[in-house]
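Q: Got a structure here, written out as structure tokens. Questions coming.
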Amino acid sequence: MGLISSAKKERKIYLKMSRKVQKIIKSLAALVDVKVSAPALTVNNARTFTAAPPPPPVAKYGGRYTVTMLPGDGIGPELMSNVKEVFRYAGIPVDFEEVYLSPVMDNEEDLYDAIVSIKRNGVAIKGNIETRENRPGVISRNVELRNELDLYAYVMHCKSFPGIHTRHEDVDIMIVRQNMEGEYAMLEHESVHGVVESLKVITRKNSERVARFAFELAKKEGRRKVTTVHKANIMKVSDGLFLEVCREVAKEYPEIKHEDMIIDNTCMQLVSRPQQFDVMIMTNLYGAIVANLTCGLVGGPGLLSGINYGTKYAVFEPGTRNHGRNLVGKNIANPIAMLNASVDLLEHLNLKHHSHLIRTAIDATVNIDHVHTPDLGGMASSSDVIQSVIKNIKEEEKRIDMSYA
1028 MGLISSAKKE RKIYLKMSRK VQKIIKSLAA LVDVKVSAPA LTVNNARTFT AAPPPPPVAK
1088 YGGRYTVTML PGDGIGPELM SNVKEVFRYA GIPVDFEEVY LSPVMDNEED LYDAIVSIKR
1148 NGVAIKGNIE TRENRPGVIS RNVELRNELD LYAYVMHCKS FPGIHTRHED VDIMIVRQNM
1208 EGEYAMLEHE SVHGVVESLK VITRKNSERV ARFAFELAKK EGRRKVTTVH KANIMKVSDG
1268 LFLEVCREVA KEYPEIKHED MIIDNTCMQL VSRPQQFDVM IMTNLYGAIV ANLTCGLVGG
1328 PGLLSGINYG TKYAVFEPGT RNHGRNLVGK NIANPIAMLN ASVDLLEHLN LKHHSHLIRT
1388 AIDATVNIDH VHTPDLGGMA SSSDVIQSVI KNIKEEEKRI DMSYA
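Residue numbers for the sequence shown follow my numbering, so the first one is 1028 and each next one is one higher.
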């Protein structure tokens, strides 16, 4: 009873606190490196930063894992149903704890429930969480989720699909995005009538740990080059600090080439010759733009997945964070991006056999069978794609069984 009473009291206090005040406190604390409620790393020197993804949670109840599922809005619930159908067929030892977030809630109680669930389970898979209120003081629920869980790095692997014809081939880029600062600090105010100011927050602490994360990722994946994307020619202090930190970290990895590129030139280079890029690191807003642009290079928003990494938690989602409200109920939404997010989740949980089954089935569906939804120029429905994936899982299981016979 004491724990329940304490939890209720904590929730009451949490809901009463102004979200804007909390955000300002955290941003100011980051500037002076004060430890606050969100998980943070103490900076003594460059080597104190954790540059690896968080460890996977321990399996429970006979080797099964519990994963928080946030269906989100728009086509999110439909795509999550697709994931559950594939998981059931493949016998994945994962149980989902579903938490629904309403885009029209007047309070943060459902968001608080989602955060508590993710902290309990360590991992989550989510659709896009829409914030329909567009008025001062209302914070994006996606942004708040990332801030509360200290999900400081966002990773998206943009790779061409052989079975999808696009203008560019052989694209293979890993994007690392700073996930909590920059323009997404969401600190805005109207100083005088008709004049609005927005704070862009860049801290050495968060810049350094995301830079180190990017270089460690490049080292682990055998990549040869990291490109820092910035606008330091104009924003000399904010982007200047981010670029300076990235250059400092780069010196510790002499085997990896480091270069930097201004964001506007980066976009032009991506659409003209994307093969020149290997690993890219950038601040929050630039990351949102570049991630969507690179999704377009390989076929659109329905293909790629993204991973939000923190020091303790990991959240998996489609790469472009689109709600697709105009596709709801039509059975034509492309489920591949959400399925790829589920494969990333399984790899994080060290369920290698199961992740191989689904990834191989996705590859066969898209690149060999060419079962494509309308966004890819095909005629297949969402259900057609899922049934093809299930068919290919069955065939892969037979092939594996025969190899052991």
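Note that CB positions come from ideal geometry on N, CA and C, so glycine has one too.
Since the structure is predicted, the reported quantities are computational estimates derived from the model, not experimental observations.
#1: Using DSSP with H/G/I as helix, E/B as strand and the rest coil, what is ASN1174?
#2: Check ARG1115 in the structure and name its three-state DSSP category.
#3: Please report the distance separating the alpha-carbon of THR1321 from that of LEU1297.
#4: Buried or exposed: ASP1266, going by 16 or more other Cβ atoms within 10 Å of its Cβ?
#5: Quick test of your reading: LYS1246 and ILE1283, contact by CB under 8 angstroms. State the CB separation rounded to the nearest angstrom.
#6: How long is the line joining the alpha carbons of THR1254 and ALA1277, rounded to whole angstroms?
#7: In whole angstroms, what is the alpha-carbon distance linking ASN1071 and ASN1260?
#8: Would you mind reading off the limits of the alpha helix (DSSP H) that contains PHE1304?
#9: Where DSSP assigns a beta bridge to HIS1381, which residues make up the other side?
#10: Once you ignore the five residues that flank VAL1398 on each side, which residues in its own chain have a CB closer than 8 angstroms to its CB?
#11: Within the same chain, show all residues whose beta-carbon is closer than 8 angstroms to that of GLU1215, passing over the 5 residues directly before and after it, in chain order.
#12: For a test of the three-state rule: what should DSSP assign to TYR1313, helix, strand or coil?
#13: Should the region 1138-1148 be regarded as contacting the region 1102-1118, the criterion being three or more beta carbon pairs within less than 8 angstroms?
#14: Under 7 angstroms between the Cβ atoms of ALA1315 and VAL1237?
#15: Output the distance between the C-alpha atoms of ARG1274 and MET1288, rounded to the nearest integer angstrom.
#16: Can you list, in chain order, the residues of its chain whose CB lies under 8 angstroms from that of GLN1303, leaving out five sequence neighbours each side?
#17: In whole angstroms, what separates the C-alpha of GLU1105 from that of HIS1195?
#18: If you draw a straight line from the C-alpha of ILE1395 to the C-alpha of PRO1189, how long is it?
#19: Mapping the DSSP letters down to three states, classify GLU1248 as helix, strand or coil.
#20: In whole angstroms, what is the alpha-carbon distance linking SER1409 and PRO1401?
#21: Is the Cβ-Cβ distance between PHE1269 and THR1230 less than 7 angstroms?
#22: Whole angstroms are fine: how far does the CA of LYS1379 sit from the CA of PHE1120?
#23: Rounded to the nearest angstrom, how far is the Cβ of ASN1233 from that of GLU1208, given a contact under 8 angstroms?
#24: Once you ignore the five residues that flank GLY1326 on each side, which residues in its own chain have a CB closer than 7 angstroms to its CB?
#25: Determine, using beta carbons only, whether LEU1503 and TYR1092 come nearer to each other than 7 angstroms.
#26: At 3 residues or longer, and completely inside the region 1187-1230: list those beta strand (DSSP E) runs for me, N to C.
#27: Could you check whether HIS1350 and ASP1100 sit closer than 7 angstroms to each other, using their CB atoms as the reference points?
#28: Run the CB neighbour count on ALA1341, radius 10 Å, all protein chains shown included, and call it buried at 16 or more, exposed below.
#29: Taking 7 angstroms as the threshold (beta carbon to beta carbon), is SER1167 in contact with chain B?
#30: Going by CA-CA distance only, name the one from SER1167, VAL1085 and ILE1102 that's closest to ASN1353.
#31: Just verifying my parser: in three-state terms, what is the DSSP assignment at LEU1097?
#32: How far does the beta strand (DSSP E) with LYS1357 in it reach, from first residue to last?
#33: From the DSSP output, read off the bridge partner residues of HIS1257.
#34: Under DSSP, the alpha helix (DSSP H) around ALA1079 begins and ends at which residues?
#35: How many whole angstroms separate the CB atoms of PHE1343 and ASP1305, which I take to be in contact at a CB cut-off of 8 angstroms?
A: Judging by the given coordinates:
#1: helix
#2: helix
#3: 8 angstroms
#4: buried
#5: 7 angstroms
#6: 10 angstroms
#7: Summary for ASN1071: the model assigns pLDDT 34, below 50, so the residue's position carries little reliability, and this model does not support an answer.
#8: No alpha helix (DSSP H) holds PHE1304; DSSP gives it neither H nor E.
#9: DSSP, once it has assigned bridges, lists no residue as partnering HIS1381.
#10: THR1392, GLY1405, ALA1407, ASP1411, VAL1412 and SER1415
#11: PRO1163, VAL1223, GLU1224, SER1225 and LEU1226
#12: helix
#13: no
#14: no
#15: 12 angstroms
#16: GLN1296
#17: 31 angstroms
#18: 9 angstroms
#19: coil
#20: 10 angstroms
#21: no
#22: Residue identity differs from the one stated: residue 1120 is Pro in this sequence, not Phe. Distance between the alpha carbons of PRO1120 and LYS1379: 12 angstroms.
#23: 5 angstroms
#24: PHE1188, ILE1191, THR1193 and LEU1403
#25: No answer is possible for residue 1503: it lies beyond the span of the chain, which begins at 1028 and ends at 1432.
#26: 1199-1205, 1209-1219 and 1222-1228
#27: yes
#28: buried
#29: No chain B appears in this structure, which consists of one protein chain only.
#30: ILE1102
#31: strand
#32: Careful: LYS1357 lies outside any beta strand (DSSP E) and carries neither H nor E.
#33: ILE1289
#34: Per DSSP, ALA1079 belongs to no alpha helix (DSSP H) and is neither H nor E.
#35: At roughly 23 angstroms, the Cβ-Cβ gap does not stay under 8 angstroms, so PHE1343 and ASP1305 are not in contact.
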